[in-house]
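Q:
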Amino acid sequence: MNTLHPIAMTIAGFDPSGGAGLLADIKTFEQCGVYGFGCATANTIQDERRVDKVMWHPLDTILDQINILLKKYSVTHFKIGIVESCEVFSAIKTHLISQNPRAQIIWDPVLKSSSGYTFLKNNLPLENLLKDVSLITPNLPEFNTLFGSEEKAFQLSHVCDIYLKGGHNESKVGVDHLYSKGIKISFSAGLHKVHQKHGSGCVLSSAITAALATGHGLQKACRLAKNYTELFLSSHPSLLGWHKNVML
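Be aware that the sequence shown starts at 779, since it is given in the numbering used here, and climbs by one per residue.
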């Protein structure tokens, strides 16, 4: 393959509705000018409103998907979505770093689906999980579960940058925050009229990954990704959205 475009890899679940997970990530990569590789962590039985069942792939199967691509292509930017356990996440992360010590890993810590299905239970020390992760992108409930307080987030932002999505914050809807090296940077909402969307968190994290892969710094990547996500949220009143070409 002639890699005139940057490359990024998503390691996430397969959602047959195409609204979230691996398919949403690949759509986002493509529209942002990045060629996307996709490795499945699970097959789900779901639509945009509910998750009925998750069939997890064994760790060896996930790593085999990753390895066959990394043997041929140099990939630096990785997005990780749903995984079966913190142990599986840590194993994937460690493997990526062993294959490429310069790997930038963006983790969208999907703990529950919007319909309430639990994906991941956090049973390992957070510091260990965040080691070698470049950026974690929780929503407010995930932020509260993982960090417990803003003070803890400031402390851990010296280990890993944290992007807090503002969609669940009723007092400041749509205002996102980046915690980086003990500093908090806010991103205000745009002017688009937005609608609730299935997979919006997947789109945001994969858009950040794409922007980083195209060479933007972290703050610029977050701003571009927020703009892209707001276009996605404003694209249609249903729970499924359209992706628009922006070529970051």
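We treat Cβ as the ideally placed atom computed from N, Cα and C, and that holds for glycine.
If I follow the unbroken beta strand (DSSP E) through residue 855, where does it start and stop?
A: Run containing residue 855: 855 to 858, per the beta strand (DSSP E) assignment.
Q: Are there 16 or more other CB atoms within 10 angstroms of the CB of residue 809, so buried, or fewer, so exposed?
A: buried
Q: Candidates 791, 816 and 1011: which alpha carbon is nearest residue 833's?
A: The shortest C-alpha separation from residue 833 is found at 791.
Q: Could you give the C-beta distance for residue 941 and residue 915, rounded to a whole number, given that I count them as a contact under 8 Å?
A: 5 Å
Q: State yes or no: is the C-beta of residue 1088 within less than 9 Å of the C-beta of residue 876?
A: This structure leaves residue 1088 out entirely; the chain is present only between 779 and 1026.
Q: If you draw a straight line from the alpha carbon of residue 1011 to that of residue 929, how long is it in whole angstroms?
A: 31 Å
Q: Cβ of residue 965 within 9 Å of Cβ of residue 938?
A: no
Q: Do you know whose CA, among 996, 821 and 987, lies nearest residue 1085's CA?
A: The structure shown does not extend to residue 1085, since the chain is modelled only from 779 through 1026, so no value can be given for it.
Q: Taking the C-alpha atoms as reference points, what is the distance between residue 913 and residue 858?
A: For the pair residue 913 and residue 858, the Cα-to-Cα distance works out to about 11 Å.
Q: Could you give the distance in angstroms between the alpha-carbon of residue 987 and the alpha-carbon of residue 911?
A: 12 Å
Q: Answer with yes or no whether the minimum CB distance from residue 934 to chain D is below 9 Å.
A: Of the protein chains in this structure there is only one, and it is not chain D.
Q: Give the C-beta separation of residue 854 and residue 880 to the nearest angstrom, bearing in mind that I take them to be a contact with Cβ-Cβ under 8 Å.
A: 6 Å
Q: In terms of residues, what are the limits of the alpha helix (DSSP H) holding residue 866?
A: First-last of the alpha helix (DSSP H) with residue 866: 864 to 877.
Q: Throw me the rounded Cβ distance for the residue 1003 and residue 982 pair, which I believe falls under 8 Å.
A: 6 Å
Q: With DSSP as the reference, please indicate the residues paired to residue 821 in a beta bridge.
A: 792 and 833
Q: Helix, strand or coil for residue 851, going by three-state DSSP, please let me know.
A: coil
Q: Per DSSP, what kind of secondary structure is residue 984 in: helix, strand or coil?
A: DSSP places residue 984 in helix when its eight states are reduced to three.
Q: When DSSP labels each residue in this structure, what does residue 842 get in the three-state scheme?
A: helix
Q: Roughly how many whole angstroms lie between the Cα atoms of residue 811 and residue 1006?
A: CA-to-CA, the gap between residue 811 and residue 1006 works out to about 12 Å.
Q: Since residue 944 sits in a beta bridge, which residues does DSSP pair it with?
A: DSSP output for residue 944 lists no bridge partner at all.
Q: Considering only residues of the same chain and omitting the five flanking positions on each side of residue 962, which have a CB-CB separation below 6 Å?
A: 955
Q: Three-state secondary structure (DSSP) at residue 809?
A: The answer is helix: DSSP assigns residue 809 an H, G or I state.
Q: To the nearest angstrom, report how far apart residue 1022 and residue 1014 are at their CA atoms.
A: 12 Å
Q: Skipping 5 residues on each side, what residues in its chain have a beta carbon closer than 8 Å to that of residue 799?
A: 790, 791, 792, 793, 822, 859, 860, 977 and 980
Q: What does the alpha-carbon distance come out to for the pair residue 934 and residue 801?
A: So the two alpha carbons sit approximately 31 Å from each other.
Q: State buried or exposed for residue 974, treating a residue as buried only when at least 16 other CB atoms are found within 10 Å of its CB.
A: exposed
Q: Strictly by DSSP, which residues pair up with residue 957?
A: 940 and 962
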